[in-house]
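Working notes, beginning with the structure itself.
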Amino acid sequence: MRLRVCITLALLCLLAAFAWAQRSANVWSRYEYEMQDPIDDPPDVGRKGEFALGRLRYRSPLDGRGRYFRWGIDANKGDRVFISLLHRLTRIDVEPIETIIDISSDEIFNHPFLFAVSIGDWTISPSEAERLRRYFDRGGFLLADDFHNEREWAIFMDGIRRIDPKANVVELADADSIFHTVFDLTNRVRVPGANVVHGSGIERGGTNPHWRAILDSKGRVMVAITFNQDIGDGWEFADDPYYPERFSSEAIRLGVNYVIYAMTH
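As numbered in my numbering, residues 321 to 585 make up the sequence shown, in order.
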């Protein structure tokens, strides 16, 4: 009996070690402890494509206070779900996984589309602000998502002012081309977080949803801002029956439109 128990325990340990080895072999395994929802890499990981989703890894004073870091919210499952749907819904040759790009790295210049989550809690050093300024000057695009209320807006804008003191935020209009590149999104709806989707839809006091942008001198959107919304949850929970399909569909359509806009403008 004792021998049987020992053998069983040994097998369980072996299986656990194997599972950990498989997980640690993931491309971004070194960041998985910072992610909210890490998943294993797909079989075609490493395949190159014409588009790669860049996930911005920034700093926040709230990092380390919970189970994951602020930049890593919805990561990396939300990114992977959107990537797979972008590949399915368009003719873009999309790389199968996101590229995590540290805000302090010049790797940022190799990825014209960046996605940043909970950016209302970021902090930016002078060198990081200068790097992002050059990134936008070269035609880079940032989608800023999942931050709420006026306090988080002020923190976000403090970072933006460090990047460009003259940056001007506008409310996007229904007729703006960014809402009509693939899907016509004249009648948009707020995409709420999963934690409030069956309630008020309001998270952390962010009452009214906004689709905002920062434009360059030619009127091109450099920074698309989904404020008081959670597009990342719409992606992350697209396969979860608990999360309503109409919100996931909205998040996916908006994301597709933004990618196509960034690639063509």
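Beta carbons: idealized from backbone N, C-alpha and C, even for Gly.
Run of the alpha helix (DSSP H) containing residue i, from where it starts to where it stops
{"i": "Val437", "result": "Note, Val437: premise wrong, no alpha helix (DSSP H); beta strand (DSSP E) at Phe433 to Val437."}
{"i": "Ile572", "result": "Glu565 to Thr584"}
{"i": "Asp553", "result": "Ile551 to Glu556"}
{"i": "Asp478", "result": "Asn469 to Ile483"}
{"i": "Tyr455", "result": "Pro446 to Asp457"}
{"i": "Val401", "result": "Lys397 to Leu409"}
Residue i versus the options, residue with shortest Cα-Cα distance
{"i": "Ile580", "options": "Asp364, Ile412 and Glu354", "result": "Ile412"}
{"i": "Asp559", "options": "Gly398, Val502 and Asp361", "result": "Gly398"}
{"i": "Glu415", "options": "Ile439, Arg458, Gly392 and Phe433", "result": "Phe433"}
{"i": "Tyr562", "options": "Met583, Ile522, Ala495 and Val516", "result": "Val516"}
{"i": "Gly369", "options": "Glu418, Ser497, Asn548 and Phe429", "result": "Glu418"}
{"i": "Ile498", "options": "Ser537, Ile545 and Leu373", "result": "Ile545"}
{"i": "Glu491", "options": "Glu565, Asn528, Glu556 and His431", "result": "Asn528"}
{"i": "Asp553", "options": "Leu409, Asp536, Ala514 and Asp361", "result": "Ala514"}
{"i": "Ala395", "options": "Leu382, Glu556, Phe467 and Ser447", "result": "Glu556"}
{"i": "Pro446", "options": "Ile423, Ser438 and His468", "result": "Ile423"}
{"i": "Glu427", "options": "Leu405, Phe402, Ile403 and Gly460", "result": "Gly460"}
{"i": "Gly386", "options": "Leu574, Tyr353 and Leu406", "result": "Tyr353"}
{"i": "Leu405", "options": "Tyr388, Asn469 and Leu373", "result": "Leu373"}
Assumed close pair residue i, residue j - CB separation to whole angstroms, cut-off 8 Å
{"i": "Met542", "j": "Phe456", "result": "5 Å"}
{"i": "Ile480", "j": "Ile534", "result": "7 Å"}
{"i": "Glu570", "j": "Arg532", "result": "That pair is no contact at about 17 Å."}
{"i": "Ala436", "j": "Ala464", "result": "5 Å"}
{"i": "Gly384", "j": "Met355", "result": "Incorrect: roughly 14 Å between the Cβ atoms, too far for contact."}
For residue i: DSSP bridge partner residues
{"i": "Leu492", "result": "None; Leu492 has no bridge partner."}
{"i": "Asp422", "result": "Arg377"}
{"i": "Val347", "result": "DSSP lists no partner for Val347."}
{"i": "Ala544", "result": "Leu463 and Ala533"}
{"i": "His526", "result": "The sequence given here has Gly at residue 526, not His. Glu523, per the DSSP bridge assignment."}
{"i": "Asp357", "result": "Asn396"}
{"i": "Val509", "result": "According to DSSP, which records beta bridges pairwise, Val509 is partnered with nothing at all."}
Beta strand (DSSP E) segment containing residue i, residue limits
{"i": "Ala309", "result": "Only positions 321 to 585 of the chain appear in this structure, which leaves residue 309 out of reach."}
Do the segment 497-505 and the segment 514-528 make contact, defined as three or more Cβ pairs closer than 8 Å?
Cβ pair count under 8 Å is below three, so no.
Examine the Cβ distances between the segment 438-447 and the segment 377-390 and report whether three or more of them are shorter than 8 Å.
A contact exists between the segment 438-447 and the segment 377-390.
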